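Peer 1: Structure below; questions to follow.
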Amino acid sequence: MTMLHVEKLAKVYTRGRFSRVPTFSLEADFEVASPQIIGVMGPNGSGKTTLFELITGSNAPTSGRVMAMGQDIHKVRYRQRCQLAMHYHQSYQVRSFQRRVPEFLLEPARCEAPAIHLFDEPQFNPQDGYIGFMLDFFRRLRSEGKLVFVCLHPNEPYHVELLREVCERFIFVNKGRLLQAASLQELKAHDAFNAYLGRLAAEI
54 MTMLHVEKLA KVYTRGRFSR VPTFSLEADF EVASPQIIGV MGPNGSGKTT LFELITGSNA
114 PTSGRVMAMG QDIHKVRYRQ RCQLAMHYHQ SYQVRSFQRR VPEFLLEPAR CEAPAIHLFD
174 EPQFNPQDGY IGFMLDFFRR LRSEGKLVFV CLHPNEPYHV ELLREVCERF IFVNKGRLLQ
234 AASLQELKAH DAFNAYLGRL AAEI
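With the numbering used here, letter number 54 in the sequence shown gets 107, and the count goes up by one each step, no holes.
Structure, rendered in structure tokens:
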């Protein structure tokens with residue numbers, strides 16, 4: 054069974070009560086067949102959080118669908134959605150994550166643990182010993198058959214190294230469109246990605 058199929062997905066935001074002028078749109082179409090750790094990057098406002106919200110079912114698409122573990126995530130009950138996918142928002146700190154993470158996630162995999170985990174810009178600190186905890190946690194989720202997305206906004210060389218070390222696949226979101234690659238080197242072939250990284254492009 055394919056773990057995640059984002060199928061011809063679109064989300065269009067508009068303004069105006071009558072004219073409905075589009076202000077932003079996101080388009081995505083991809084699938085993930087097996088457990089992986091996927092790195093997600095992109096400028097602020099590019100659609101990364103919207104993508105995560107669509108995958109977890111907390112945001113309704115304009116068109117298309119998200120199939121998580123064979124189920125349409127927008128057509129199941131809230132409790133079922135929580136068993137399929139979990140979105141960890143920007144508000145948490147890596148240091149506090151270990152204290153706040155649901156207890157079942159720190160135990161061996163159990164049936165109620167979500168199959169898909171989406172971490173939205175965890176705030177890493179190079180002097181923080183919890184970085185190792187988080188990287189080990191990502192790897193453990195994968196080894197237990199989970200799909201892990203890690204959204205990170207690289208602004209320091211160690212961010213690039215973290216992504217390279219732990220991720221097996223990458224998605225670059227830019228102006229609501231997705232670029233997918235098996236490596237950072239592959240993404241570097243795109244001018245938009247180099248412009249996004251700026252001086253950090255030299256680290257790849």
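Note that beta-carbon positions come from the ideal geometry of N, C-alpha and C, so glycine has one too. Computed from a prediction, not measured in an experiment: that's the story for all the values here.
State yes or no: is the C-beta of V65 within less than 8 angstroms of the C-beta of T115?
Peer 2: In the sequence shown, the residue the question calls residue 65 occupies position 12. In the sequence shown, the residue the question calls residue 115 occupies position 62. Contact: yes.
Peer 1: What do you reckon, are the CB atoms on V93 and V203 nearer than 8 angstroms?
Peer 2: Walking along the sequence shown from the start, residue 93 turns up at place 40. Walking along the sequence shown from the start, residue 203 turns up at place 150. Yes, they are a contact pair.
Peer 1: Between the Cα of K199 and those of P207, Y211 and F190, spot the shortest distance and give me the residue it belongs to.
Peer 2: If you number the sequence shown from 1, residue 199 lands on position 146. Of the listed residues, the one whose Cα sits closest to K199 is F190.
Peer 1: For S236, which residues in the same chain have their Cβ closer than 6 angstroms to its Cβ, ignoring the five residues on either side in sequence?
Peer 2: Position 183 of the sequence shown, counted from the first residue, corresponds to residue 236. By the criterion of a C-beta distance shorter than 6 angstroms, S236 is surrounded by no residue of its chain, once the five residues flanking it on both sides are discounted.
Peer 1: So, at 8 angstroms on beta carbons, what are the nonlocal neighbours of P210 in its own chain, with the 5 sequence-adjacent residues on each side left out?
Peer 2: One-based indexing of the sequence shown puts residue 210 at position 157. Hits under 8 angstroms: L253 and E256.
Peer 1: Within a Cβ cutoff of 7 angstroms, which residues of the same chain sit near A113, ignoring the five residues on either side of it in sequence?
Peer 2: Counting from 1 along the sequence shown, the entry for residue 113 is found at position 60. So the list reads H127, once near-sequence residues are dropped.
Peer 1: Helix or strand or just coil, what does DSSP make of V129?
Peer 2: Along the sequence shown, read from residue 1 onward, the residue named residue 129 stands at position 76. Coil, per DSSP.
Peer 1: Apart from the five residues just before and just after T67, which ones in its own chain have a Cβ nearer than 7 angstroms to its Cβ?
Peer 2: Residue mapping note: residue 67 aligns to position 14 of the sequence shown, counting from 1. Taken in chain order, the residues that qualify are R73, V74, P75 and T76.
Peer 1: On the three-state DSSP scale, how would you describe G117?
Peer 2: If you number the sequence shown from 1, residue 117 lands on position 64. DSSP places G117 in strand when its eight states are reduced to three.
Peer 1: Could you have a look at E197 and say whether DSSP puts it in helix, strand or coil?
Peer 2: Within the sequence shown, numbered from 1, the residue matching residue 197 stands at position 144. In this structure, E197 counts as coil in the three-state DSSP scheme.
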